[in-house]
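Protein chains in written order, with this note's numbering: chain A, 529 to 847; chain B, 5 to 263. Each residue gets a CB set at the ideal place from its N, CA and C atoms; glycine is no exception.
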Amino acid sequence: MGVYDFDGKSPLTVLQGMITGNPQVSLSEKYVIWDVRTARIIMAILIGSILAVSGTTMQGMFKNPLATPDLIGITAGATLMAAITIVLGSHFREHLPDFVQNSMLSIAAFLGALLTTLLVYRISTTQGKTNVVIMLLSGVAISALGFAIVGFLIYLSKDEQLRDLTFWNLGSLGGATWQKNGILFLVMLGSYFILIPKGKALNAMMLGEKDAGHLGVNVEKLKKQIVVLVALMIGTCVAFSGTIGFVGLIVPYILRLIFKSNYQLILPLSAVMGSILLLVADTFSRTIVAPSEIPIGVLTAFMGAPVFIAILIRFKNSM
Amino acid sequence: MIKGHDISYAHKNFHILKSVNLSVEYGEFLAIIGPNGAGKSTLLSVLANEISAQQKNNVLFKEKEFRQWNLKDLSQNKAKFSQHNSDDITLRVKDVVMMGRYPYFNTVPSQNDWQAVEESLKETDVLHLKEREYNSLSGGEKQRVHLARVLAQLKNDVQHKLMFLDEPLNNLDVKHQFKALQSIKNFTQKANTAIVVLHDLNLAAQFADRILLMKNGQVASQGSPEEVFKQEIISDAYSFPCAVCAHPLTKNPMIIFGN
Numbered sequence: 529m530g531v532y533d534f535d536g537k538s539p540l541t542v543l544q545g546m547i548t549g550n551p552q553v554s555l556s557e558k559y560v561i562w563d564v565r566t567a568r569i570i571m572a573i574l575i576g577s578i579l580a581v582s583g584t585t586m587q588g589m590f591k592n593p594l595a596t597p598d599l600i601g602i603t604a605g606a607t608l609m610a611a612i613t614i615v616l617g618s619h620f621r622e623h624l625p626d627f628v629q630n631s632m633l634s635i636a637a638f639l640g641a642l643l644t645t646l647l648v649y650r651i652s653t654t655q656g657k658t659n660v661v662i663m664l665l666s667g668v669a670i671s672a673l674g675f676a677i678v679g680f681l682i683y684l685s686k687d688e689q690l691r692d693l694t695f696w697n698l699g700s701l702g703g704a705t706w707q708k709n710g711i712l713f714l715v716m717l718g719s720y721f722i723l724i725p726k727g728k729a730l731n732a733m734m735l736g737e738k739d740a741g742h743l744g745v746n747v748e749k750l751k752k753q754i755v756v757l758v759a760l761m762i763g764t765c766v767a768f769s770g771t772i773g774f775v776g777l778i779v780p781y782i783l784r785l786i787f788k789s790n791y792q793l794i795l796p797l798s799a800v801m802g803s804i805l806l807l808v809a810d811t812f813s814r815t816i817v818a819p820s821e822i823p824i825g826v827l828t829a830f831m832g833a834p835v836f837i838a839i840l841i842r843f844k845n846s847m
Numbered sequence: 005m006i007k008g009h010d011i012s013y014a015h016k017n018f019h020i021l022k023s024v025n026l027s028v029e030y031g032e033f034l035a036i037i038g039p040n041g042a043g044k045s046t047l048l049s050v051l052a053n054e055i056s057a058q059q060k061n062n063v064l065f066k067e068k069e070f071r072q073w074n075l076k077d078l079s080q081n082k083a084k085f086s087q088h089n090s091d092d093i094t095l096r097v098k099d100v101v102m103m104g105r106y107p108y109f110n111t112v113p114s115q116n117d118w119q120a121v122e123e124s125l126k127e128t129d130v131l132h133l134k135e136r137e138y139n140s141l142s143g144g145e146k147q148r149v150h151l152a153r154v155l156a157q158l159k160n161d162v163q164h165k166l167m168f169l170d171e172p173l174n175n176l177d178v179k180h181q182f183k184a185l186q187s188i189k190n191f192t193q194k195a196n197t198a199i200v201v202l203h204d205l206n207l208a209a210q211f212a213d214r215i216l217l218m219k220n221g222q223v224a225s226q227g228s229p230e231e232v233f234k235q236e237i238i239s240d241a242y243s244f245p246c247a248v249c250a251h252p253l254t255k256n257p258m259i260i261f262g263n
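Below, the structure is given as structure tokens:
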């Protein structure tokens with residue numbers, strides 16, 4: 529499904545033809561089907577999964593269904609560092625080795641995410657208890673700061689940088705390449721290897737950190753792992769696809785409706801459901817106003833904002 | 005079993021515990037009593053490795069410091085029931101109790117684990133609630149669910165286990181107070197140890213082997229119920245007049261407050 533016309537053939541036939549080495553498939557068709565479409569679909573699957581798992585683990589650590597990377601400002605922190613790197617990076621880029629140049633954006637986004645997570649955690653948590661209001665407000669503050677600085681950078685930046693910045697602010701899977709997918713896949717594999725088996729530990733955290741400790745959970749180590757890995761995952765996602773909000777909020781919310789808060793189930797399932805959600809959203813964003821595209825961040829926000837409000841209402845009732 | 009030597013603890017220059025010494029043996033049921041703010045819960049927290057005392061190395065559990073223990077082994081040797089249990093856990097009752105078995109399985113609970121959960125649910129009389137949602141229970145029922153969780157955690161073949169309980173009887177009705185204490189008593193009769201903060205002196209006199217009376221962060225008196233529950237000692241510690249007589253049936257000391 530998409531804008532490109534494959535001479536009346538269905539994209540599936542073309543893909544099949546390409547895989548079987550059919551000579552009738554032209555080079556440009558090959559490019560569209562493999563390097564544009566398939567790469568983008570895979571990227572949607574990877575990013576959706578990573579965003580959902582980040583959201584779920586963050587919620588487990590903060591013991592609150594509102595603690596998702598975008599609401600508490602982690603995504604904003606990553607975007608901010610990425611924006612700074614795009615605009616100011618051109619001045620010292622040449623002095624760095626090739627390898628660093630290529631991954632500079634990811635590293636900057638990772639550092640931005642890591643610093644914000646630590647900051648928000650420090651501000652909002654005392655003795656293992658998180659103050660939800662402070663947590664959300666520090667997210668608002670960091671997002672505001674990010675917004676201001678990105679605005680200032682837009683004022684400073686040249687044309688080409690400007691396009692990059694808008695792309696980052698709204699989020700898009702349009703920049704998908706196989707190289708990016710490879711990096712995303714490695715980040716995902718490494719993080720999931722450590723995080724997905726943490727379902728029991730996150731359940732135990734609901735009892736409170738001290739009681740989790742009595743059940744044999746190394747709470748301090750767990751929190752460090754979560755902070756670093758979520759920063760890594762969010763940083764990579766932001767560097768490659770910009771700010772795609774609310775995935776980490778919607779997916780665990782729906783799963784909790786069905787499976788309660790049993791992290792042993794919702795953690796692995798959010799990995800699957802995040803993929804489905806973002807793939808569907810991206811397909812919509814590409815097709816409903818074809819040949820143009822709706823930024824995918826707009827679509828996820830449409831779904832996410834009502835969920836946010838629903839959680840707030842429930843939170844109010846429980847107070 | 006567990007030895008505490010010269011335990012002191014201060015929070016913001018306020019001394020909560022002042023050089024407390026204690027040693028508890030295998031098979032002992034120790035009740036910690038005392039007026040509000042005497043440092044009972046803090047002492048329990050230090051002994052249970054939740055907070056560290058000012059000088060390190062002064063709590064030995066089975067002749068070892070806590071940091072020498074492997075976390076998993078430790079959680080199969082000791083458990084704690086906290087005073088303030090979380091109110092908001094969106095899980096079913098059986099899943100909450102199953103948390104007590106987390107030190108025993110990796111991803112899927114074994115038959116053994118389910119059996120331990122079932123037995124503990126029965127012991128605290130919440131078996132009929134096992135499919136209910138935890139958040140929909142009353143305060144006393146939640147309390148019993150956590151009690152079941154702690155009991156389930158120590159159902160294993162380890163010799164000489166240790167259970168800490170911080171006011172386990174809060175919100176419980178009379179029948180369940182006795183049931184809970186009986187469970188703890190059964191536990192200690194298998195050469196295990198329980199250290200329990202209690203408010204009801206008469207229940208402490210009936211069930212505990214030894215009493216530790218605290219006042220102002222210090223040990224005011226310790227010994228068998230007969231030794232500690234004397235009129236002068238109790239009315240002095242609680243700053244309230246009382247009378248002590250023998251229980252008509254069990255002959256344990258019985259404390260009646262007021263003139």
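Going by C-alpha distance, which of the options is nearest residue i?
| i | options | result |
| --- | --- | --- |
| B/Leu-216 | B/Asn-206, B/Ile-199, B/Gln-210 | B/Ile-199 |
| B/Phe-244 | B/Tyr-138, B/Thr-254, B/Ala-250, B/Ile-259 | B/Ile-259 |
| A/Ile-780 | A/Thr-596, A/Val-628, A/Pro-539, A/Gln-544 | Correcting the residue type first, residue 780 of chain A is Pro in the shown sequence and not Ile. Among A/Thr-596, A/Val-628, A/Pro-539, A/Gln-544, the Cα nearest to that of A/Pro-780 belongs to A/Thr-596. |
| A/Gln-689 | A/His-619, A/Asn-845, A/Gly-718 | A/His-619 |
| A/Leu-783 | A/Gly-763, A/Gly-802, A/Gly-674, A/Ile-677 | A/Gly-802 |
| A/Asn-709 | A/Ser-554, A/Ala-567, A/Ile-578, A/Ala-818 | A/Ala-567 |
| A/Gln-655 | A/Leu-624, A/Leu-639, A/Phe-590 | A/Phe-590 |
| A/Ile-839 | A/Gly-825, A/Val-660, A/Thr-603 | A/Val-660 |
| A/Glu-557 | A/Phe-534, A/Ile-569, A/Thr-548 | A/Phe-534 |
| B/Asp-3 | B/Ala-120, B/Lys-146, B/Val-149, B/Trp-73 | No statement about residue 3 of chain B is possible, as the shown extent of chain B runs from 5 to 263 and does not include it. |
| B/Val-28 | B/Gln-235, B/Asp-204, B/Asp-213, B/Trp-118 | B/Asp-213 |
Chain B partners of residue i, CB-CB under 9 Å?
| i | result |
| --- | --- |
| A/Gly-825 | None at all; the shortest Cβ gap to chain B is about 29 Å. |
| A/Lys-728 | Met-103, Tyr-106, Phe-109, Asn-110, Thr-111 |
| A/Asn-746 | Leu-75 |
Residues of chain B with CB closer than 8 Å to the CB of residue i, please, in chain order.
| i | result |
| --- | --- |
| A/Asn-790 | Leu-95, Asp-99 |
| A/Lys-844 | Result: empty, since nearest Cβ-Cβ is about 14 Å, beyond 8 Å. |
Which bits of chain A does residue i rub up against, with CB to CB less than 8 Å?
| i | result |
| --- | --- |
| B/Lys-66 | Chain A residues near B/Lys-66: none, gap ~16 Å exceeds 8 Å. |
| B/Leu-253 | None at all; the shortest Cβ gap to chain A is about 37 Å. |
| B/Leu-2 | Missing from the structure shown is residue 2 of chain B; chain B here goes from 5 to 263 and no further. |
| B/Ser-12 | Near B/Ser-12 there are no residues of chain A at all, since even the closest Cβ is about 20 Å away, more than 8 Å. |
| B/Leu-21 | What B/Leu-21 touches in chain A: nothing, since even the nearest Cβ is about 18 Å away. |
| B/Ser-79 | His-742, Leu-743, Gly-744 |
Which of the three DSSP states is assigned to residue i in this structure?
| i | result |
| --- | --- |
| B/Arg-96 | strand |
| B/Thr-254 | coil |
| A/Leu-633 | helix |
| B/Leu-34 | strand |
| B/Arg-214 | strand |
| A/Met-546 | helix |
| B/Phe-65 | strand |
| A/Tyr-720 | helix |
| B/Met-2 | Nothing can be reported for residue 2 of chain B: it is not among the residues displayed for chain B, which extend from 5 to 263. |
| A/Ile-822 | coil |
| B/Tyr-13 | strand |
| B/Ile-237 | helix |
| B/Thr-111 | coil |
| A/Thr-654 | strand |
| B/Asp-170 | strand |
Just to make sure I have the definition right: I need the residues of chain E whose C-beta is within less than 9 Å of the C-beta of residue i. Which are they?
| i | result |
| --- | --- |
| A/Asn-659 | The structure shown contains no chain E; its protein chains are A and B. |
How would you list, in chain order, the residues of chain A whose beta-carbon sits under 7 Å from the beta-carbon of residue i?
| i | result |
| --- | --- |
| B/Glu-69 | Those within 7 Å of B/Glu-69 in chain A number zero; the least Cβ separation is about 16 Å. |
| B/Glu-269 | Outside the displayed range of chain B (5 to 263) lies residue 269 of chain B, so it cannot be described from this structure. |
| B/Ser-90 | Met-734, Leu-735, Gly-736 |
So which residues on chain A does residue i lean against when the C-beta distance must stay under 9 Å?
| i | result |
| --- | --- |
| B/Ala-83 | His-742, Leu-743 |
| Between the stretch 730 to 743 of chain A and chain B, which residues of the former have CB atoms less than 8 Å from a CB of the latter, in chain order? | Asn-731, Ala-732, Met-734, Leu-735, Gly-736, Lys-738, Asp-739, Gly-741, His-742, Leu-743
| request: Determine, using beta-carbon pairs with one atom in the stretch 184 to 194 of chain B and one in the stretch 226 to 240 of chain B, whether at least three such pairs fall under 8 Å. | output: With the cut-off at 8 Å, the stretch 184 to 194 of chain B and the stretch 226 to 240 of chain B do not touch.
| said: Can you pull out the residues from the stretch 776 to 789 of chain A whose beta carbon lies closer than 9 Å to at least one beta carbon of chain B? | reply: Arg-784, Lys-788, Ser-789
| request: Mind checking the stretch 32 to 43 of chain B against chain A and listing, in chain order, the residues whose C-beta falls within less than 8 Å of any C-beta there? | output: For the stretch 32 to 43 of chain B, which is checked against every Cβ of chain A, not one residue is closer than 8 Å.
| How do the stretch 717 to 732 of chain A and the stretch 826 to 835 of chain A stand: do at least 3 beta-carbon pairs fall below 8 Å, yes or no? | For the pair of segments examined, the stretch 717 to 732 of chain A was found not to touch the stretch 826 to 835 of chain A: the number of CB pairs separated by less than 8 Å stays below three.
| query | Does the stretch 138 to 147 of chain B come close enough to the stretch 81 to 96 of chain B to have 3 or more Cβ pairs within less than 8 Å? | reply | Three or more beta-carbon pairs drawn from the stretch 138 to 147 of chain B and the stretch 81 to 96 of chain B are found closer than 8 Å, and the two stretches are therefore classed as touching.
| query | Does the stretch 683 to 702 of chain A come close enough to the stretch 766 to 776 of chain A to have 3 or more Cβ pairs within less than 8 Å? | reply | yes
| the stretch 166 to 184 of chain B touching the stretch 756 to 764 of chain A, judged by at least three CB pairs closer than 8 Å | no
| query | Would you call the stretch 156 to 166 of chain B and the stretch 119 to 129 of chain B touching, i.e. three or more CB-CB distances under 8 Å? | reply | yes
| the stretch 45 to 52 of chain B / the stretch 705 to 720 of chain A touching (three or more Cβ pairs under 8 Å) | no
| Quick one: any contact between the stretch 17 to 28 of chain B and the stretch 211 to 229 of chain B, if contact means 3 or more CB pairs under 8 Å? | Result yes; three or more Cβ-Cβ pairs closer than 8 Å.
| query | Using 8 Å as the Cβ pair cut-off and three pairs as the minimum, do the stretch 633 to 641 of chain A and the stretch 568 to 581 of chain A touch? | reply | With the rule of 3 Cβ pairs closer than 8 Å, the stretch 633 to 641 of chain A does not count as touching the stretch 568 to 581 of chain A.
| For the 8 Å Cβ check, are there 3 or more pairs between the stretch 602 to 620 of chain A and the stretch 736 to 745 of chain A? | No: fewer than three Cβ pairs fall under 8 Å.
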